[in-house]
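As you go down the protein sequences, you meet chains P and W in turn. Okay, so the first sequence: first residue is 1 according to UniProt numbering, each after it adds one. Okay, so the second sequence: first residue is 1 according to UniProt numbering, each after it adds one. Written out below as structure tokens is the structure these notes cover.
Number of protein chains: 2
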Amino acid sequence: MPDEPLTYAAAGVNIDESERALRAVVGGIQATYNENVLGGVGGFGGLYRANFSGLNEPVLVSSIDGVGTKTKVAAMVGRFSDLGRDIVHHCVNDILCQGARPLFFLDYFGTSRLSGLVFEEILGGMSAACTEVGMALIGGETAEMRGIYVDDEIDLVGAIVGVVDREKKLPRPKMMPGDVVVGLQSDGLHTNGFSLARRALFEVGGLSVRDEVPGLGGVTLGDELLRPHRCYFRALYPLLQEFEGIRAVAHITGGGIYDNLPRVMPPDIRAAIERRAWTPPPIFKLIQSIAEVPDQEMFRTFNMGIGMVLFLERDLASAVIQRLHMAGESASVIGELQKGAHDVQIL
Amino acid sequence: MPDEPLTYAAAGVNIDESERALRAVVGGIQATYNENVLGGVGGFGGLYRANFSGLNEPVLVSSIDGVGTKTKVAAMVGRFSDLGRDIVHHCVNDILCQGARPLFFLDYFGTSRLSGLVFEEILGGMSAACTEVGMALIGGETAEMRGIYVDDEIDLVGAIVGVVDREKKLPRPKMMPGDVVVGLQSDGLHTNGFSLARRALFEVGGLSVRDEVPGLGGVTLGDELLRPHRCYFRALYPLLQEFEGIRAVAHITGGGIYDNLPRVMPPDIRAAIERRAWTPPPIFKLIQSIAEVPDQEMFRTFNMGIGMVLFLERDLASAVIQRLHMAGESASVIGELQKGAHDVQIL
Numbered sequence: 001m002p003d004e005p006l007t008y009a010a011a012g013v014n015i016d017e018s019e020r021a022l023r024a025v026v027g028g029i030q031a032t033y034n035e036n037v038l039g040g041v042g043g044f045g046g047l048y049r050a051n052f053s054g055l056n057e058p059v060l061v062s063s064i065d066g067v068g069t070k071t072k073v074a075a076m077v078g079r080f081s082d083l084g085r086d087i088v089h090h091c092v093n094d095i096l097c098q099g100a101r102p103l104f105f106l107d108y109f110g111t112s113r114l115s116g117l118v119f120e121e122i123l124g125g126m127s128a129a130c131t132e133v134g135m136a137l138i139g140g141e142t143a144e145m146r147g148i149y150v151d152d153e154i155d156l157v158g159a160i161v162g163v164v165d166r167e168k169k170l171p172r173p174k175m176m177p178g179d180v181v182v183g184l185q186s187d188g189l190h191t192n193g194f195s196l197a198r199r200a201l202f203e204v205g206g207l208s209v210r211d212e213v214p215g216l217g218g219v220t221l222g223d224e225l226l227r228p229h230r231c232y233f234r235a236l237y238p239l240l241q242e243f244e245g246i247r248a249v250a251h252i253t254g255g256g257i258y259d260n261l262p263r264v265m266p267p268d269i270r271a272a273i274e275r276r277a278w279t280p281p282p283i284f285k286l287i288q289s290i291a292e293v294p295d296q297e298m299f300r301t302f303n304m305g306i307g308m309v310l311f312l313e314r315d316l317a318s319a320v321i322q323r324l325h326m327a328g329e330s331a332s333v334i335g336e337l338q339k340g341a342h343d344v345q346i347l
Numbered sequence: 001m002p003d004e005p006l007t008y009a010a011a012g013v014n015i016d017e018s019e020r021a022l023r024a025v026v027g028g029i030q031a032t033y034n035e036n037v038l039g040g041v042g043g044f045g046g047l048y049r050a051n052f053s054g055l056n057e058p059v060l061v062s063s064i065d066g067v068g069t070k071t072k073v074a075a076m077v078g079r080f081s082d083l084g085r086d087i088v089h090h091c092v093n094d095i096l097c098q099g100a101r102p103l104f105f106l107d108y109f110g111t112s113r114l115s116g117l118v119f120e121e122i123l124g125g126m127s128a129a130c131t132e133v134g135m136a137l138i139g140g141e142t143a144e145m146r147g148i149y150v151d152d153e154i155d156l157v158g159a160i161v162g163v164v165d166r167e168k169k170l171p172r173p174k175m176m177p178g179d180v181v182v183g184l185q186s187d188g189l190h191t192n193g194f195s196l197a198r199r200a201l202f203e204v205g206g207l208s209v210r211d212e213v214p215g216l217g218g219v220t221l222g223d224e225l226l227r228p229h230r231c232y233f234r235a236l237y238p239l240l241q242e243f244e245g246i247r248a249v250a251h252i253t254g255g256g257i258y259d260n261l262p263r264v265m266p267p268d269i270r271a272a273i274e275r276r277a278w279t280p281p282p283i284f285k286l287i288q289s290i291a292e293v294p295d296q297e298m299f300r301t302f303n304m305g306i307g308m309v310l311f312l313e314r315d316l317a318s319a320v321i322q323r324l325h326m327a328g329e330s331a332s333v334i335g336e337l338q339k340g341a342h343d344v345q346i347l
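Here's what the structure looks like:
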């Protein structure tokens, strides 16, 4: 028999703390709402009007993803606000590869023991990122699970739903040899490769998040690693409406350029990428040199400085790149499509 | 410097195992597809035609949730197939509280180290459960995160999107004193209260999942705890179309009857529940007696034998209950709505 009667709080789940933390962020969440959101926080499901006037044949585009072990670096630094931004931007970029604009978002926050402050930082960043792209944060779940999560560790998951008119859906079938490959610069690691990066930098290299590493421009290693996942929606979405010659968009996440380009390529096409067309930022060289990671493995694990890739008609390249520059993106031609096997060659 | 060059597999992420496991379940996933699903497994986002002919003003209803520490009991028993079913049924029931029918589902599977066999069992059950309610399993993510998850532990998350015509959305505003409360029987714990249940049964009580406990009808404790979350969609959805007098539906999940009924109740209404209207199944008595859990805490943590609650016009009660019985549900009147504060009294 136990010394005192068991309660759910004593067994490791603190509903009150979760409700207190939710009250602290509810204003930010409600600021993401627009005229399509019906009902408020706390119902059994989020309600969003399927009001797609102007679209001939609306198609819902959805995706689910997590931020991976970037949460561990956030814990090392003690700053969590950008993690919310990370998962939103990751998901927005994913559905942008189908040409979709975001409608609504749901988050899942799993941890061993809820810290109200961490939750508030994350939900604050998440709400702000949703507002910036006109997306409603319509639902979420917080779970305290001791024994599943290592003490003080968290996992952060997001699910997104967007919409595209079927006739504007990407990739377009017309991709062909001679089309060019344009790369958009990333903001560091984004949310991929953190298991390898942490092992290389902290375990093998013995570095700390507080170290200032030569070549990183005077920021600490922690700040470099926590740079938020870049959101390409506002720069890219208008161009997708304007230029039919943009055939496909690929988000460079887990698996890198090697695995993500074939996801939007037809079977009889090869992507030939020119290694010297851009210089991977110093953080990637640092990881590679400390841990002697083979080139191929680097390109399979990290974005290597390219966060998003476009395939487009050769004639459009300079116009599209100029427009991307005007929208604040760094972009350049990094290769071309060729007749060949369904693969990527980085030469 | 490391002994050998670091690779992503050595750093704890095995992309090949994840791809192999995905190939094993892809047939089951594709069996969930219907004419509204465009494109296949592997794109950046799942595509679902927003084709809601017959609905005047379609509203998308979405929710995200996890199965909690029920995963630990599955690991103790070594059987994972029902966890996939658990998360699907949980989510389907949640959006049914708004009157919605399911359209598509996305899953997230987080773990320390991917076991292909566990993944296959879970995705197999998940696909089958989706097929049974006509829902497409349209996306998913698998994440291996050592250092975040305790060794061999998993978290399982699902996001659902469904649709309801705005005029049929629940709860209906007309709820009033005198309406009756009907309870539908649950199949054991469903997916809530497992932290408390495990602590009571295994830590305090010293029981094992292999024990046959008197009163559980000859099944082992493990089998009793792993009974899948009951899905009320097929029994209840047709009745929602037919009977406008069904005012509201509440899914009894975390927080129990106390917290879930007010989620669908107007501010000036109290729900008076008669404790003697049903007998909580033996598993709840076992947990309570071993750990001396107060009555109130039991009703705040567990469903106590009631998985779903309907509020309906008194005159309809016998007709609706009869129809529920014909559909295979056990259902009975367990209380009524009264004028009063926005709370629940269990007397």
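Think of the CB as a built atom: it goes at the ideal place given N, C-alpha and C, for glycine as much as any other residue. All figures in this text were calculated on a predicted structure; none of them were measured in a lab.
Counting along the chain, where does the beta strand (DSSP E) carrying residue i start and finish?
i, result
"S63 (chain P)", "58-66"
"M308 (chain W)", "306-312"
"D155 (chain P)", "154-165"
Under 8 Å, Cβ to Cβ, is there at least one residue of chain W near residue i?
i, result
"R263 (chain P)", "yes"
"V182 (chain P)", "no"
"M145 (chain P)", "yes"
"E17 (chain P)", "no"
"S167 (chain P)", "It should be noted that the sequence gives Glu, not Ser, for residue 167 (chain P). By this cut-off, E167 (chain P) is not an interface position."
"M1 (chain P)", "Confidence in M1 (chain P) is poor, its pLDDT being 39 and thus under 50, which makes the residue's placement unreliable; the coordinate value appears in the next sentence. So yes, M1 (chain P) belongs to the interface."
"D94 (chain P)", "yes"
"Y108 (chain P)", "yes"
"E153 (chain P)", "yes"
"H342 (chain P)", "no"
"F233 (chain P)", "no"
"E121 (chain P)", "no"
"G78 (chain P)", "no"
Kindly say whether residue i, judged by its beta-carbon, lies nearer than 8 Å to any beta-carbon of chain P.
i, result
"P58 (chain W)", "yes"
"T32 (chain W)", "no"
"G245 (chain W)", "no"
"F202 (chain W)", "no"
"G45 (chain W)", "yes"
"Q338 (chain W)", "no"
Have a look at the options and flag the residue whose alpha-carbon is nearest the alpha-carbon of residue i.
i, options, result
"N303 (chain W)", "W:Y258, W:F311, W:A277", "W:Y258"
"T32 (chain P)", "P:V180, P:G134, P:G68", "P:G134"
"S195 (chain P)", "W:R146, W:I290, W:F202", "W:R146"
Can you tell me whether DSSP reads residue i as helix, strand or coil?
i, result
"M145 (chain W)", "coil"
"R270 (chain P)", "strand"
"L337 (chain P)", "strand"
"M326 (chain P)", "helix"
"P102 (chain P)", "strand"
"Y108 (chain W)", "strand"
"I346 (chain W)", "strand"
"G27 (chain P)", "helix"
"residue 430 (chain W)", "In the structure as shown, chain W begins at 1 and stops at 347. Residue 430 (chain W) is therefore absent and cannot be evaluated."
"L236 (chain P)", "helix"
"V18 (chain P)", "At residue 18 (chain P) the sequence reads Ser, which differs from the Val that was named. In this structure, S18 (chain P) counts as helix in the three-state DSSP scheme."
"G46 (chain P)", "strand"
"R264 (chain W)", "As written in the sequence, residue 264 (chain W) is Val, which differs from the Arg given in the question. V264 (chain W) falls in the helix class under three-state DSSP."
"L184 (chain P)", "strand"
"V118 (chain P)", "helix"
"V37 (chain W)", "strand"
"T301 (chain W)", "helix"
"K168 (chain W)", "helix"
Just to confirm the assignment, what range does the alpha helix (DSSP H) spanning residue i have?
i, result
"P177 (chain P)", "It is not in any alpha helix (DSSP H) - P177 (chain P) carries neither H nor E in the DSSP assignment."
"H90 (chain W)", "81-96"
"V73 (chain P)", "70-77"
"K285 (chain P)", "282-291"
"R198 (chain W)", "194-198"
In terms of DSSP beta bridges, what is residue i paired with?
i, result
"E212 (chain P)", "P:T220"
"H251 (chain W)", "W:M308"
"A136 (chain W)", "W:F104"
"I246 (chain W)", "W:L312"
"A128 (chain P)", "Partner(s): none; A128 (chain P) has no beta bridge."
"S318 (chain W)", "Answer is none; S318 (chain W) lacks a bridge partner."
"A331 (chain P)", "P:L184"
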